[in-house]
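Colleague:
Chains as they are written, first to last, in this note's numbering: chain A, 66 to 446; chain B, 1444 to 1702.
#1: For residue 1452(B), list the residues DSSP reports as bridge partners.
#2: Within the continuous beta strand (DSSP E) that includes residue 1590(B), where are the two ends?
#3: Where does the unbroken alpha helix (DSSP H) through residue 293(A) begin, and where does it stop?
#4: Below 9 Å on C-beta distance, what does residue 141(A) contact in chain B?
#5: Do the segment 278-297 of chain A and the segment 222-242 of chain A make contact, defined as three or more Cβ pairs closer than 8 Å?
#6: Near residue 1696(B), which residues of its chain fall below 7 Å by C-beta distance, leaving aside the five closest residues on each side in sequence?
#7: Go through the segment 1610-1689 of chain B residue by residue and report every complete run of the beta strand (DSSP E) that reaches 3 residues or more, in order.
#8: Figure out for me which residue from 1548(B), 1625(B), 1502(B), 1557(B) has the closest Cα to the Cα of residue 1592(B).
#9: Within 8 Å of any Cβ in chain B, is that where the Cβ of residue 105(A) sits?
#10: Answer yes if the segment 67-78 of chain A comes into contact with the segment 1508-1517 of chain B, meaning at least three C-beta pairs across the two stretches below 8 Å, and no otherwise.
#11: In this structure, does DSSP put residue 432(A) in helix, strand or coil?
#12: Give the residues from the segment 1627-1661 of chain B that approach chain A closer than 9 Å (Cβ to any Cβ), ordered along the chain.
#13: What do you reckon, are the CB atoms on residue 307(A) and residue 143(A) nearer than 8 Å?
#14: In terms of residue numbering, what span does the beta strand (DSSP E) encompassing residue 221(A) cover?
#15: Please confirm if the segment 356-363 of chain A is in contact with the segment 374-386 of chain A, defined as three or more CB-CB distances below 8 Å between the two stretches.
#16: Quick one: grab the DSSP three-state call for residue 1604(B).
#17: Round the Cβ separation of residue 1489(B) and residue 1448(B) to the nearest angstrom and send it over; I've been treating them as touching at under 8 Å.
#18: Would you mind sorting residue 1541(B) into buried or exposed? The rule is 16 or more other CB atoms within 10 Å of its CB.
#19: What are the start and end residues of the alpha helix (DSSP H) that includes residue 163(A)?
#20: Could you tell me the alpha carbon to alpha carbon distance between residue 242(A) and residue 200(A), rounded to whole angstroms?
#21: From what residue to what residue does the alpha helix (DSSP H) around residue 276(A) run?
#22: Mapping the DSSP letters down to three states, classify residue 247(A) as helix, strand or coil.
#23: What does the Cβ neighbour count give for residue 1509(B), buried or exposed, with the cut at 16 atoms within 10 Å?
#24: Kindly indicate which three-state DSSP category residue 1552(B) falls into: helix, strand or coil?
#25: Between which two residues does the beta strand (DSSP E) carrying residue 140(A) extend?
#26: How would you label residue 336(A), buried or exposed, when you count the other beta carbons within 10 angstroms and need 16 or more for buried?
#27: What separation, rounded to the nearest whole angstrom, lies between the Cα atoms of residue 443(A) and residue 378(A)?
#28: With 8 Å set as the bound, which would you pick, yes or no: does the beta-carbon of residue 118(A) sit closer than that to a beta-carbon of chain B?
#29: Quick check on DSSP: helix, strand or coil for residue 104(A)?
#30: Who are the Cβ neighbours of residue 196(A) in its own chain at under 6 Å, not counting the five residues just before and after it?
#31: I need the boundaries of the alpha helix (DSSP H) containing residue 81(A), first residue and last residue.
#32: Extract the residue ranges of the beta strand (DSSP E) inside the segment 1462-1520 of chain B, only unbroken runs of 3 or more that lie entirely within it.
#33: With a Cβ-Cβ cutoff of 8 Å, do residue 1537(B) and residue 1502(B) count as a contact?
#34: Looking at chain A, is there any beta carbon in it that lies within less than 8 Å of the beta carbon of residue 1516(B)?
#35: Checking contacts by CB at 8 Å: is residue 45(A) closer than that to chain B?
#36: Under 8 Å between C-beta atoms, does residue 110(A) make it to chain B?
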């Protein structure tokens, strides 16, 4: 067995590390405080090719792979979890399904500008009554001539306010329940597509989380992604890939908090020595380092399976479950290493703690991941 | 216009340098290698000249062991068109004159009108290469340039080089050698497409015999590297200020002989 990154993967990792260190880290705290979307740095990430990493060059992407994607995402998340989720949603939840299920015409129009980062996309599945219970879709898309008319609400849409196109899931045949769900690519500005609200959040504050309302919103049939009734399958398959991304985001958050903790532990003195010499502190740092490495290996395996075209759903769930729980624990301990200063915004480690929490929730809560993993190990799928 | 950019692979700036088991060199275990930062300014400037002219070729070249290919790959990812890797037992532990002869020979073969160096490599900080190569070629050389403009007819370059508190402006006929100072430009990041495409670009291996060079002995030999002596701890003079100052002055005069 060999765990060796390719030369390209190492170069992409190095690029992302340098970009994150020089361009993202210096602005992260202020963007968080002001809950401001980082238009400028996201545009530059697009120019570098970070917004469509695994999309082939022919469709505006970088032509790299999922492993390169998680390497880059970890580096960006080390500096700022908000940038990471903006990047992850565009790559995994938007570009990935459009590439996989789009017609050639759809790929030209709805993929190339997004994979090259000129525009960003989003994914609208969750509804007020349909979070973990994603099959319970109330948004309706009624066939009408050569198109559909949509009515309903979507909530917690990451990139929702900034996205030029939303991948929206709606019931086209309620009688068939989740087998009657279809997916649509809906452009911002389409009459009847409203964005009434942007949420004020605990963490990932520089990313926008919006609510969508559809009121008699007319969409052409050419904007439907995949066949009628394929929506739920598209959503679930897409989320499998997305989970690898969120796992990498969680890993980056933990690794960023860990780096801050190590630096602080070497500098801060108590009882006449740097606190890094106290076994209680060493214990926490050792646990953090070990859990971070374990998460990284789970993530790399899930990404490598996806790149090899092999089934990766349960592995992605394990990576996401482990990495997000680990990130919450690691960022909690990172504050503990910092003591009282960790609770103060100036030391930044509290931002990592706030950012970590969402990774246990979005793209499938930890409880949903356990459900998926249990079904897999029990052979009930 | 063809522009040749010689680069050197050096330890990352954050490296804690340790002297190796053989005290003539450093311990290279665990070192992250990078393209020397001044060379990145040179490469960036070459790419900008090519982009401005809408045509041309940027060729990266290095003298170094097998791992130096990584540095060339970085240059290709940034946008260089092809690369030359001068690697030969004859150049192992070469002194600067030997490296300069190798570079001058490959420059004669490639015949570019412009050679852009970084002002120095950040490992040994010799800074000898641009002038040595220019001298061997009989070409003019301007070092530590902060700006440049190629003339419309492509026959000369107007270069501003950093001097104390001012820019010294030269008009230099081509072919010539320039070396880049920090501030000449802001080097670009390689794009992911650039990284993915770098493998498709050529890195040509060049041996001493390909350049008609025989192994000649180094003029300069490293005898040994010595670590800097550790800094002695500071001394705090206790007591009342008036007394303490007297002791401080005495110590500066008699112990440190600083005043």
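Glycine included, every Cβ here is placed at the ideal spot set by N, Cα and C.
Modeller: If we stick to the structure as given:
#1: Under DSSP, the beta-bridge partners assigned to residue 1452(B) are 1478(B).
#2: Per DSSP, the unbroken beta strand (DSSP E) holding residue 1590(B) starts and ends at 1584-1593.
#3: For residue 293(A), there is no enclosing alpha helix (DSSP H), as DSSP marks it with neither H nor E.
#4: Result: empty, since nearest Cβ-Cβ is about 13 Å, beyond 9 Å.
#5: Flag = yes, the segment 278-297 of chain A and the segment 222-242 of chain A touch.
#6: Apart from sequence neighbours up to five positions away, the residues of its chain that approach residue 1696(B) with a beta-carbon distance below 7 Å are 1702, ordered along the chain.
#7: Runs of the beta strand (DSSP E) inside the segment 1610-1689 of chain B: 1619-1623, 1646-1649.
#8: Per the Cα distances, 1557(B).
#9: Taking Cβ atoms only, chain B never reaches closer than 8 Å to residue 105(A), which makes this a no.
#10: Short answer: they touch.
#11: Note: residue 432(A) maps to helix in three-state DSSP.
#12: Those residues of the segment 1627-1661 of chain B placed with their C-beta closer than 9 Å to a C-beta in chain A are 1632, 1633, 1634, 1635, 1636, 1637, 1638, 1639, 1640, 1641, 1642, ordered along the chain.
#13: Against a cut-off of 8 Å, the Cβ pair of residue 143(A) and residue 307(A) comes out as no contact.
#14: For residue 221(A), the uninterrupted beta strand (DSSP E) run begins and ends at 212-223, by DSSP.
#15: Between the segment 356-363 of chain A and the segment 374-386 of chain A, the count of C-beta pairs closer than 8 Å reaches three or more; the two stretches touch.
#16: Of the three classes helix, strand and coil, the one that applies to residue 1604(B) here is strand, per DSSP.
#17: For residue 1489(B) against residue 1448(B), the beta-carbon gap comes to about 5 Å, under 8 Å, which counts as contact.
#18: Answer is buried; the Cβ neighbour count reaches 16.
#19: Bounds of the alpha helix (DSSP H) holding residue 163(A) are 161-166.
#20: Roughly 7 Å between the two C-alpha positions.
#21: No alpha helix (DSSP H) contains residue 276(A), which is instead part of the beta strand (DSSP E) from 274-285.
#22: If DSSP states are grouped into helix, strand and coil, residue 247(A) belongs with the strands.
#23: With fewer than 16 other Cβ atoms within 10 Å, it is exposed.
#24: The answer is helix: DSSP assigns residue 1552(B) an H, G or I state.
#25: From DSSP, residue 140(A) is part of no beta strand (DSSP E) but of the alpha helix (DSSP H) over 131-144.
#26: Burial call: exposed.
#27: The straight-line gap from Cα to Cα measures roughly 15 Å.
#28: Interface flag for residue 118(A) against chain B is set, since a Cβ pair is found closer than 8 Å.
#29: In the structure shown, residue 104(A) falls within a helical segment according to DSSP collapsed to helix, strand and coil.
#30: Take residue 196(A), set aside five residues on each side of it, and no residue of its chain has a beta-carbon closer than 6 Å to its own.
#31: Counting along the chain, the alpha helix (DSSP H) containing residue 81(A) begins and ends at 72-84.
#32: Entirely contained in the segment 1462-1520 of chain B, the beta strand (DSSP E) runs reaching 3 residues are, in chain order, 1476-1478, 1500-1506.
#33: Taking the C-beta atoms as reference points, residue 1502(B) is found no nearer than 8 Å to residue 1537(B).
#34: Yes - at least one Cβ of chain A is within 8 Å of the one on residue 1516(B).
#35: This structure gives no information on residue 45(A), because the portion of chain A shown stretches from 66 to 446.
#36: Not an interface residue.
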